[in-house]
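Trainee: Structure provided below as structure tokens; questions to follow.
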Amino acid sequence: MPGSDYIAHVDVNSFYASAERAFNPSLEGVPVVVLSNNDGCVVTRTAEAKALGISMGEPWFKLAPRAKAWGLVALSSNYELYGDISARVMELLGRYSAWVEVYSIDEAFLGVNGTPERMRQLGRTIKDAVRRHVGVPVCVGIARTKGLVKLANKLAKHNPDFAGVCHWESIPEDARDGLMSRLSVVELWGVATRLTNRLNAMGIRTILDLKNANPVMIRDRFSVVLMRTVMEVQGTPCIPMEEERVGRDQLIFSRSFSTPVTTAAAMGQVMSVYAQQPSARLAKHGLQAKVLTAFAGTSHYNQDNISYPSVCVPLPMPTADPVLLHKAANSLCERIYEGVKYVRAGIMVTDLRPTGNQSPLELFENPHEERGIGTLLESVSKKYGRGSIGLGSAGVRGGPDWSMKRDMLSPRYTTHWDELLLVKAS
DNA sequence: TCGGACTAG
DNA sequence: AGTTCTAGTCCGA
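With the UniProt record's numbering, the residue at position 195 of the first sequence is 195, and numbering never jumps.
See the structure below:
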């Protein structure tokens, strides 16, 4: 990160809910939650929803009876909208630093420098620009290490004194220690419940306790990952800024069902629909897979008839071909017990490599790809909608009854002409 | 090299 | 009745 001694971390507040609010002002000031796939559990809460005591991961069916009394609005995940809003935020951030690492759908690290005053001003500029041009609220943390910058962002979010921008070194040193002595180690990046329990057992409870721990002892008793965390809160950078990752090591498509699947025949239907997703995603990234793993599972909450069948199939050649993937995934059916209630299934492709440099022999052995079936499937479903065409039993009419539930879906405001927001002037 | 443990978002 | 999904790193077998 040449020329940048500092890192700014920009993070959208309650991202999914804020993206919804950008197009639906009636959600402003109201408690809003966004639900996971299948409307299963809460994945995003606004400050108002948090204030009601709603926790992350809380199942919607437990919340639903109280929603009306609370004035709580629940929405299904609208990933198409969030993806587009995310792209707009990231594009905008690119104007403020030559070094942007997009870390997740709603977060980025930016290489920055300057005097404390100038960096605080830059933070405010970014915050205002994202709000004004994209319509979502962000907070900004600025420090020398990724560990501290994530902490600074958290302070900016929860402490109104910072007004959304926290430059760590602008805080006097004794006040920084005071803040760290009041925060549990769970608040740190990379520390969750398991590590917190183990650290607490050793008497390390606060971030300040951990900062004062010996990194070598931490490495020996825990791992190099936690040692790096300790050094980062001490102010020594250990986690470098990353280049954009070009390829993936693996690609997973997995979903829970709205209704359990109980027969091998139905699972075959699931596999034929599911296989088309990794196929399309591989093609999109110009990748081919050598190995496919198909899996299914019963509910974690149902203790009888537990079953987690899986098959790992070496593919005859590196491929993204839906026909070959479907055929491989279908072998999962042999592991399905009739009558057992499977609630989820998925397909994982691994050993990925870029398309091309195939030997002529492989091309000869791979007739489907040559005929462009994947591309054909994709263009037809693009034109006539998902489910309009499919391979094998995915092509059956009537529609499967196990597909995903999304009862509270908002429009795809920014990516589909027919779902554009209508504004009336009077 | 593989699978399990743990984590993030 | 019902409790997400994707992807990474590290570590021990």
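Don't be surprised by glycine CBs; every beta carbon is placed ideally from N, CA and C.
Spatial neighbours of S181 within its chain, please: C-beta separation below 6 Å, excluding the five flanking residues on both sides.
Mentor: The residue labelled residue 181 in the question sits at position 181 within the first sequence. Taken in chain order, the residues that qualify are T206 and L208.
Trainee: I'd like the list of long-range same chain contacts for I218, defined as Cβ closer than 6 Å, with 5 residues on each side in sequence excluded.
Mentor: Here residue 218 corresponds to residue number 218 of the first sequence, with the count starting at 1. Cβ neighbours of I218 beyond the five flanking positions: L226, M227 and V230.
Trainee: Can you tell me where the alpha helix (DSSP H) holding H300 begins and where it ends?
Mentor: Against the first sequence, residue 300 aligns to sequence position 300. Here H300 belongs to no alpha helix (DSSP H), and DSSP marks it neither H nor E.
Trainee: Leaving out five residues on either side along the sequence, give the residues of the same chain with a beta carbon under 7 Å from the beta carbon of R88.
Mentor: For the purposes of this step, residue 88 is identified with residue 88 of the first sequence, where counting begins at 1. The answer, listed in chain order, is V134.
Trainee: Identify whether K405 lies in helix, strand or coil by the three-state DSSP scheme.
Mentor: Taking the first sequence and counting its residues from 1, one reaches residue 405 at position 405. Of the three classes helix, strand and coil, the one that applies to K405 here is coil, per DSSP.
Trainee: Near L315, which residues of its chain fall below 7 Å by C-beta distance, leaving aside the five closest residues on each side in sequence?
Mentor: As a working note, residue 315 is residue 315 in the first sequence. Closer than 7 Å at Cβ, skipping near neighbours: A289, K290, V291, L292, L324 and A328.
Trainee: Identify, in the order they occur along the chain, each residue of the same chain with its Cβ nearer than 6 Å to the Cβ of P411, setting aside the five sequence neighbours on each side.
Mentor: For the purposes of this step, residue 411 is taken as the residue at position 411 of the first sequence. E419, listed in sequence order.
Trainee: Going straight from the alpha carbon of V102 to that of P240, what length do you get?
Mentor: Working through the first sequence from its first residue, we reach residue 102 at position 102. Working through the first sequence from its first residue, we reach residue 240 at position 240. V102 and P240: Cα-Cα distance of roughly 13 Å.
Trainee: Between S97 and G111, what straight-line distance do the alpha-carbon atoms span, to the nearest angstrom?
Mentor: Taking the first sequence and counting its residues from 1, the one referred to as residue 97 is at position 97. Taking the first sequence and counting its residues from 1, the one referred to as residue 111 is at position 111. Rounded to whole angstroms, S97 to G111 spans 6 Å at the Cα level.
Trainee: Closer than 8 Å is the cut-off here; do at least three beta carbon pairs connect the region 158-170 with the region 108-124?
Mentor: Touching, yes.
Trainee: For M348, which residues does DSSP report across the bridge?
Mentor: Within the first sequence, numbered from 1, the residue matching residue 348 stands at position 348. I252 and T293, per the DSSP bridge assignment.
Trainee: For S86, which residues of its own chain have a beta-carbon under 7 Å away from its beta-carbon, when the five flanking residues on both sides are left out?
Mentor: By one-based count along the first sequence, residue 86 stands at place 86. Taken in chain order, the residues that qualify are I105 and D106.
Trainee: Of all the options V423, A275 and A345, which has the alpha carbon lying nearest to the alpha carbon of Y308?
Mentor: On the first sequence, position 308 is the one that residue 308 refers to. For Y308, the nearest C-alpha among the options comes from A345.
Trainee: Return the bridge partner residues of P354 from the DSSP annotation.
Mentor: Taking the first sequence and counting its residues from 1, the one referred to as residue 354 is at position 354. Paired residues: L287.
Trainee: Can you tell me which residues form a DSSP beta bridge with G111?
Mentor: Residue 111 sits at position 111 when you count from the first residue of the first sequence. Its beta-bridge partners are I7.
Trainee: Grab the span of the beta strand (DSSP E) containing G141 for me, first residue to last.
Mentor: Position 141 of the first sequence, counted from the first residue, corresponds to residue 141. Counting along the chain, the beta strand (DSSP E) containing G141 begins and ends at V138 to A143.
Trainee: Taking C-alpha atoms, which residue in N330, T319, S254 and S310 lies nearest to R353?
Mentor: Working through the first sequence from its first residue, we reach residue 353 at position 353. Considering only alpha carbons, the answer is T319.
Trainee: Do L148 and E232 have their C-beta atoms closer together than 8 Å?
Mentor: Here residue 148 refers to the residue found at position 148 when the first sequence is read from its first residue. Here residue 232 refers to the residue found at position 232 when the first sequence is read from its first residue. Yes; because the gap between Cβ atoms is below 8 Å, this pair is in contact.
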